[in-house]
Amino acid sequence: MPKNSKVVKRELDDEVIESVKDLLSNEDSSDDAFKKSELMVDDQEEKDVDVEEGSDVEDERPAWNSKLQYILAQVGFSVGLGNVWRFPYLCQKNGGGAYLVPYLILLLIIGIPLFFLELAVGQRIRRGSIGVWNYISPKLGGIGFASCVVCFFVALYYNVIIGWSLFYFSQSFQHPLPWDQCPLVKNASHTFVEPECEKSSATTYYWYREALNISSSLSESGGLNWKMTICLLAAWVMVCLAMIKGIQSSGKIMYFSSLFPYVVLLCFLIRGLLLNGSVDGIRHMFTPKLEIMLEPKVWREAATQVFFALGLGFGGVIAFSSYNKRDNNCHFDAVLVSFINFFTSVLATLVVFAVLGFKANIINEKCVTQNSEKILKLLKMGNLSQDMIPHHINFSSITAEDYNLVYDIIQKVKEDQFDSLGLKSCQIEDELDKAVQGTGLAFIAFTEAMTHFPASPFWSVMFFLMLVNLGLGSMFGTIEGIITPIVDTFKVRKEILTVICCLVAFFIGLIFVQRSGNYFVTMFDDYSATLPLLIVVILENIAVIRIYGIDKFMEDLKDMLGFSPSQYYYYMWKYVSPFVLLCLLVASIVQMGLSPPGYNAWIEDTAMEEFHSYPTWGMIVCISLMVLAILPVPIVFMVRRCNLIDDSSGSLASVSYKRGRIIKEPVNLEGDNTSLIHGKSPSEVPSPNFSKNIYRKQTGSPTLDTAPNGRYGIGYLMADMPDMPESDL
1 MPKNSKVVKR ELDDEVIESV KDLLSNEDSS DDAFKKSELM VDDQEEKDVD VEEGSDVEDE
61 RPAWNSKLQY ILAQVGFSVG LGNVWRFPYL CQKNGGGAYL VPYLILLLII GIPLFFLELA
121 VGQRIRRGSI GVWNYISPKL GGIGFASCVV CFFVALYYNV IIGWSLFYFS QSFQHPLPWD
181 QCPLVKNASH TFVEPECEKS SATTYYWYRE ALNISSSLSE SGGLNWKMTI CLLAAWVMVC
241 LAMIKGIQSS GKIMYFSSLF PYVVLLCFLI RGLLLNGSVD GIRHMFTPKL EIMLEPKVWR
301 EAATQVFFAL GLGFGGVIAF SSYNKRDNNC HFDAVLVSFI NFFTSVLATL VVFAVLGFKA
361 NIINEKCVTQ NSEKILKLLK MGNLSQDMIP HHINFSSITA EDYNLVYDII QKVKEDQFDS
421 LGLKSCQIED ELDKAVQGTG LAFIAFTEAM THFPASPFWS VMFFLMLVNL GLGSMFGTIE
481 GIITPIVDTF KVRKEILTVI CCLVAFFIGL IFVQRSGNYF VTMFDDYSAT LPLLIVVILE
541 NIAVIRIYGI DKFMEDLKDM LGFSPSQYYY YMWKYVSPFV LLCLLVASIV QMGLSPPGYN
601 AWIEDTAMEE FHSYPTWGMI VCISLMVLAI LPVPIVFMVR RCNLIDDSSG SLASVSYKRG
661 RIIKEPVNLE GDNTSLIHGK SPSEVPSPNF SKNIYRKQTG SPTLDTAPNG RYGIGYLMAD
721 MPDMPESDL
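Counting along the sequence shown from 1, when you hit position 342 you're at 342 in UniProt numbering, and nothing is skipped either side.
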């Protein structure tokens, strides 16, 4: 080796070091900008991965304060007025205790699986109903809009029922209750009982005349009922104040609105069991009529009740679930809430029939007394012989059993002349067989029974406060089903949207507080939700199982829950539930076609309800309600199928849903990124041009922190871009 070789090597090393220093000092400014942009991209990718993996995703998204608060919110939404005044009626009508068998079977077949499905997609994607179905397929984004429309229709008339309950609640603070007796009318010569009340009953008269001041037909508006208008305004103010901060405000109210009804139901059950005749009502309720259970109509009505009891298709279940952590056990929630709902219905049925048994016993005693007096008159007139009356019968204190014995004897002896005697059988079962549901149960039958309670004002206050809380719990979920998807999609302020929504709903809701408003409530209840919601849930099932893929969905569930859900759900979602839902849809359409469209109008002269067919314009409104509710589905499908909205055409294109991520899209993008749009890997992409690439930020240029938009104008990124290795950059 030459003597000076070490010196030469040292000089060469120094030259290399100097060359590197020169290179670094003369580095192009665009390279510096590129390095900065590389950090920016990495940070963005990291955020996107967080959303993808469902960790503490968007820090700004609200979350439930506790699991209990969330469960109470779901229970409050699913347990509503239908559990109190619809389920007992269906039990009474469809075989008593035997009705529970088809109800439980259908709860397991369609109720729990579909409820679990909605909870899972909401928790997995962490968006409202619009965002969820955009995530699965942008063409099915109309499902979410349809849910919002149905929620809005239901909220319009549901809050009117809360207003009615508020009115009765406000009138309960007096003794005796104002519906306890018929009012007296005075004229110049004498005083007499109000004829309309005398022909019906005190509670019936108070409901139709004092509360609703109802008109004789749908076409006869009669002007606004100012009392109900004030109550409707109060109901919307309560809903607005509770929902204005989202789950931060409504979540705390849930502790009271969800739990208070159970306290009242238990109090009513204990009080009811101590009343004379309550056991007769409960016995009548749970005596199974097995022959009725085999009728298809029973299964159709049980399936419909299961469907609506859990709030499927409204979007409220998805909205509430979207505020959960990704690893929450939504399977446990689905089973728990479903069975709480079922046992609440059974508890409410026990209460209703205990009270109705007491009411039937009072009516039966009056019947026995009145008909015993008729028998005494017939004996005095000689139309009946004293010999046919058993010696132990004392008409001054006759029991129902003794009266029925005398009735049977007279019926056998005077068989030919019996009808002319005008005697009634006075069976308590006949009174209990009179099926009452809805407002007829809450505001007439149950209200009449409470007038016979000791301390009746107290029980009336408790009952109507319970109805208000049941209604509010369901309203919170319904409004959440409107607000959450719109806020997630269009990024508007929740407070402003909530106030606007409540104001618009109040002014539209004025049609329900006219004198003919009750008929519009019936119309909306019959036509605005039933068929549209069935179609929505069928499309939800198809979207998850067929388009997203049931195998992929099961993997997502395993990832979220930490265990694989039972294969039972696989077969229910894939085969059984869609088939049952389609059968229910067909049966509902057939039933709607066979039943003449109309309503029961209250006729003042006869003091009775009379069936009226809808006028032509009424039929147009009914059809319009169904069409408007489901119209967003085909509209959004065609818009996205035909690419009718440009990528930069405003707010509809401002949000992209891709694999659980929401990415704000730029209005004007520089450069052509067709290679990225078509999902080429970094190795396939030509060397980047630092000055035009939209992923890179130039010094002083506007920040473009988003990925390019894809094929569909309303935010759908076609390909998931892998992280670019440093070597490719």
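Ideal Cβ positions, reconstructed from N, Cα and C, are used throughout, including at glycine.
TODO: Below 8 Å CB to CB, which residues in the same chain sit around Cys612 once its five sequence neighbours on both sides are set aside?
DONE: Looking at the sequence shown, residue 612 is not Cys but His. These residues qualify, in order along the chain: Ser217, Leu218, Gly598, Tyr599, Asn600, Ala601.
TODO: Sort Pro565, Val492, Ser78 by Cα distance to Phe343 and report the nearest one.
DONE: Ser78
- [ ] Buried or exposed for Glu196, please, with buried defined as at least 16 other CB atoms from any protein chain shown within 10 angstroms of its CB.
- [x] buried
TODO: Indicate whether the contact test is met: 3 or more Cβ pairs, each with one atom in the segment 302-319 and one in the segment 73-92, closer than 8 Å.
DONE: yes
Open item on the list: I need the straight-line Cα distance from Phe395 to Ser372, nearest angstrom please.
Closed with: 6 Å
Open item on the list: Taking 9 Å as the threshold (C-beta atoms), are Ser338 and Gly122 in contact?
Closed with: no
Task: Cutoff 6 Å; reference Asn469; Cβ partners in own chain excluding five residues on either side - done: Ser257, Phe260, Pro261
Open item on the list: Ignoring anything shorter than 4 residues, give me the alpha helix (DSSP H) runs that lie fully in the segment 432-456, in order along the chain.
Closed with: 446-450
Open item on the list: For Leu631, tell me which candidate among Cys583, Pro532, Phe332 has the shortest Cα-Cα distance.
Closed with: Pro532
Open item on the list: For a quick check, are the C-beta atoms of Cys231 and Leu166 less than 9 Å apart?
Closed with: yes
Open item on the list: Using 9 Å as the threshold, is the C-beta distance between Asp333 and Ile71 below it?
Closed with: yes
Open item on the list: Less than 6 Å between C-beta atoms, sequence neighbours within five positions excluded: which residues of the same chain meet that for Val149?
Closed with: Ala629
- [ ] Use the C-beta contact count for Cys642: other C-beta atoms within 10 angstroms, 16 or more gives buried, fewer gives exposed.
- [x] exposed
- [ ] Please go through the same chain and pick out, in chain order, the residues whose beta-carbon is closer than 8 Å to the beta-carbon of Phe358, but skip the five residues on each side of it.
- [x] Gly272, Leu275, Asn276, Gly277, Ser278, Gly281, Ala449, His452
Open item on the list: Distance check for Lys186 and Leu366, CA to CA, integer angstroms please.
Closed with: A small fix is needed here, since residue 366 is Lys in this sequence, not Leu. Between Lys366 and Lys186, the C-alpha separation is close to 28 Å.
Task: Among Trp164, Phe286, Gly163, Cys182, nearest to Gly96 - alpha-carbon criterion - done: Phe286
Task: 8 Å contact criterion, which Phe443 and Trp236 should meet: CB distance rounded - done: With 8 Å as the limit, Phe443 and Trp236 do not qualify as a contact, their Cβ atoms being about 20 Å apart.
Task: Simplified DSSP assignment, three categories, for Lys600 - done: In the sequence as displayed, the identity of residue 600 is Asn instead of Lys. Strand at Asn600.
Open item on the list: Taking the beta strand (DSSP E) that Thr191 belongs to, which residues open and close that run?
Closed with: 191-193
Task: Reference Met228; option with closest CA among Asn213, Val544, Ser564, Ser221 - done: Asn213
TODO: Report yes if the C-beta distance between Leu534 and Ser588 is below 9 Å; otherwise report no.
DONE: yes
TODO: Throw me the rounded Cβ distance for the Thr530 and Gly316 pair, which I believe falls under 8 Å.
DONE: About 17 Å; that fails the 8 Å criterion.
Open item on the list: On the DSSP bridge list, what partners appear for His612?
Closed with: Tyr599
Task: Exposure of Asn383, with buried meaning 16 or more beta-carbon neighbours within 10 Å - done: exposed
Task: Reduced DSSP secondary structure (H/G/I, E/B, other) of Phe524 - done: helix
Task: Limits of the unbroken beta strand (DSSP E) element including Leu184 - done: 184-186
- [ ] Rank Tyr548, Pro634, Ile635 by C-alpha distance to the C-alpha of Arg124 and give the top, closest one.
- [x] Tyr548
Open item on the list: Short of 7 Å in beta carbon distance, which residues of its chain neighbour Phe153, apart from the five on each side in sequence? Order them along the chain.
Closed with: Phe524, Ser528, Ala529, Leu625, Ala629
- [ ] Could you pull out every residue in the same chain whose Cβ sits closer than 8 Å to the Cβ of Cys151, ignoring the five residues on either side in sequence?
- [x] Phe314, Gly315, Gly316, Thr478, Ile479, Gly481, Ile482
Task: Which listed residue (Ala211, Pro634, Cys583, Thr204) has its alpha carbon closest to that of Trp164 - done: Ala211
TODO: Name the two residues that bound the continuous alpha helix (DSSP H) containing Trp299.
DONE: 296-309
- [ ] Kindly provide the ranges of any beta strand (DSSP E) runs that are 3 or more residues long and lie completely inside the segment 329-391, ordered along the chain.
- [x] none
TODO: Give the C-beta separation of Ile550 and Tyr570 to the nearest angstrom, bearing in mind that I take them to be a contact with Cβ-Cβ under 8 Å.
DONE: 6 Å
Task: DSSP three-state assignment for Leu625, whether helix, strand or coil - done: helix
Task: Helix, strand or coil at Ile663 according to DSSP, with G and I counted as helix - done: Caution is warranted here: a pLDDT of 39 is assigned to Ile663, below 50, making its placement in the model unreliable, and the coordinate value is therefore given only provisionally. Three-state DSSP puts Ile663 in a strand.
TODO: Could you check if Thr204 is buried or exposed, using at least 16 other CB atoms within 10 Å of its CB as the buried criterion?
DONE: buried
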